[in-house]
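Residue numbers (the working numbering), protein chains in the order written: chain A, 1451 to 1605; chain B, 1451 to 1605.
Virtual Cβ for every residue (Gly too), placed ideally from N, Cα, C.
Contents: one structure, followed by commentary.
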DNA sequence: TGCGAATACATGTTATAACAGCTATTATTG
DNA sequence: CAATAATAGCTGTTATAACATGTATTCGCA
């Protein structure tokens, strides 16, 4: 019997190697999740990356964080944090001030509006995520997390 | 001890729920893989999506495939296959002809050049992938594939 | 102290993704 | 058979990603 991923992407030949199937599984699952999260965030007019930034800046509190630090904490590498933050400032989600201590740094902080968006969006997003993973029991989750960690740590 | 993913994205608070960690694991692992594959394909001046299209069209053989069919088989949804194929045709990787049977269809086929690129790039790409998954034994791979399948199939 | 390296960010440019709307062709159905 | 719907693809537009380069500021060290 052909695998289900093969049916999903309408492939009729078997995978040449299990690693190829694992690779496509990860990429496809991520695409599906990304798309679903994006749909969940649409009412708030923000992207998943912007949501991520909001969470990072909320974590930083009133100290805020400079662009480079934000970039380091993002899930997927973004080589253009300046304009990402530009857009978010334009939307009123964050504000930025040049650090008087080191005038190269620009400290970004989350605004009240940003916090409000975060607080509104998070519950349904978390529900969506829990639902997504509902077929995995705690051990299954931990095994999944560990396996992916193994994949990333090979470098 | 804080998890390794937390260290990777410099997060200092624990994850609120294991599903949140699993989510980020998938997204981050996919980003890392995507980036690595992209690097591996750079010498050939094609993107991972284009590589994917080449494999799909090679699978279709001389019958070729229309744009909609290609779109269905792509790992991540691309709502703009026309221009994706435009670019690939411009690079000489594929050619397109309007189907005389049904003049709405445009049948795309891989060219010799496309085949050559595929044959050149594939071995090192597969090596890269096998290396990535080298820490997982066959059972671990199958469990990973099954877990991700569970995540996708919740809909 | 002064000058090159390093850092943090900004900007310019190109390519691609995402979304909506349009056109040509074929299928459907009353 | 005509009218309408459905299908496949194209085009226009905006937003964002990716990459390279430029600029201001600070650091390090002779």
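Suppose you measure from the CA of residue i to the CA of residue j; what does that come to, to the nearest Å?
i                       : j                       : result
residue 1529 of chain B : residue 1550 of chain A : 46 Å
residue 1454 of chain A : residue 1599 of chain B : 8 Å
residue 1451 of chain B : residue 1489 of chain B : Note that residue 1451 of chain B scores a pLDDT of 48, beneath 50, so its modelled location is shaky; the value from the coordinates is reported in the next line. Cα to Cα, residue 1451 of chain B sits roughly 33 Å from residue 1489 of chain B.
residue 1552 of chain A : residue 1546 of chain A : 14 Å
residue 1601 of chain B : residue 1537 of chain B : 34 Å
residue 1478 of chain A : residue 1589 of chain B : 21 Å
residue 1523 of chain B : residue 1499 of chain B : 11 Å
residue 1568 of chain A : residue 1593 of chain A : 30 Å
residue 1482 of chain A : residue 1512 of chain A : 35 Å
residue 1456 of chain B : residue 1473 of chain A : 23 Å
residue 1562 of chain B : residue 1485 of chain B : 27 Å
residue 1577 of chain B : residue 1497 of chain B : 18 Å
residue 1603 of chain B : residue 1595 of chain B : 12 Å
residue 1533 of chain B : residue 1539 of chain B : 9 Å
residue 1580 of chain A : residue 1605 of chain B : 12 Å
residue 1493 of chain B : residue 1591 of chain B : 29 Å
residue 1491 of chain B : residue 1501 of chain B : 8 Å
residue 1531 of chain B : residue 1495 of chain B : 19 Å
residue 1548 of chain A : residue 1541 of chain A : 19 Å
residue 1566 of chain B : residue 1535 of chain B : 18 Å
residue 1527 of chain A : residue 1527 of chain B : 21 Å
residue 1461 of chain B : residue 1597 of chain B : 25 Å
residue 1487 of chain B : residue 1487 of chain A : 24 Å
Using the three-state DSSP reduction, which class does residue i fall into: helix, strand or coil?
i                       : result
residue 1595 of chain A : helix
residue 1561 of chain A : coil
residue 1467 of chain B : coil
residue 1532 of chain A : helix
residue 1475 of chain A : helix
residue 1616 of chain A : Absent from the model: residue 1616 of chain A. The displayed extent of chain A is 1451 to 1605, so no value can be given.
residue 1497 of chain B : coil
residue 1585 of chain A : coil
residue 1459 of chain B : coil
residue 1617 of chain A : For chain A, the structure presents residues 1451 to 1605; residue 1617 of chain A sits outside this window and is missing.
residue 1526 of chain B : coil
residue 1604 of chain B : coil
residue 1453 of chain B : coil
DSSP beta-bridge partners for residue i?
i                       : result
residue 1547 of chain A : A/1557
residue 1515 of chain B : B/1558
Roughly how far, in whole angstroms, is the beta-carbon of residue i from the beta-carbon of residue j, given that I think they are within contact range, below 8 Å?
i                       : j                       : result
residue 1543 of chain A : residue 1564 of chain A : 4 Å
residue 1525 of chain A : residue 1560 of chain B : No, residue 1525 of chain A and residue 1560 of chain B are not in contact; Cβ-Cβ is about 34 Å, not under 8 Å.
residue 1476 of chain A : residue 1480 of chain B : 5 Å
- Item | Sufficient close CB pairs (3 or more, under 8 Å) joining the region 1565–1572 of chain A to the region 1495–1508 of chain A | Touching, per the Cβ criterion.
- Could you tell me whether the region 1464–1476 of chain A touches the region 1584–1592 of chain B, where touching means 3 or more Cβ pairs closer than 8 Å? Two segments are said to touch when three or more pairs of C-beta atoms, one from each, lie closer than 8 Å; by this definition the region 1464–1476 of chain A touches the region 1584–1592 of chain B.
- Message: Does the structure place the region 1513–1526 of chain A close enough to the region 1553–1560 of chain A that three or more beta carbon pairs sit under 8 Å?
- Response: Flag = yes, the region 1553–1560 of chain A and the region 1513–1526 of chain A touch.
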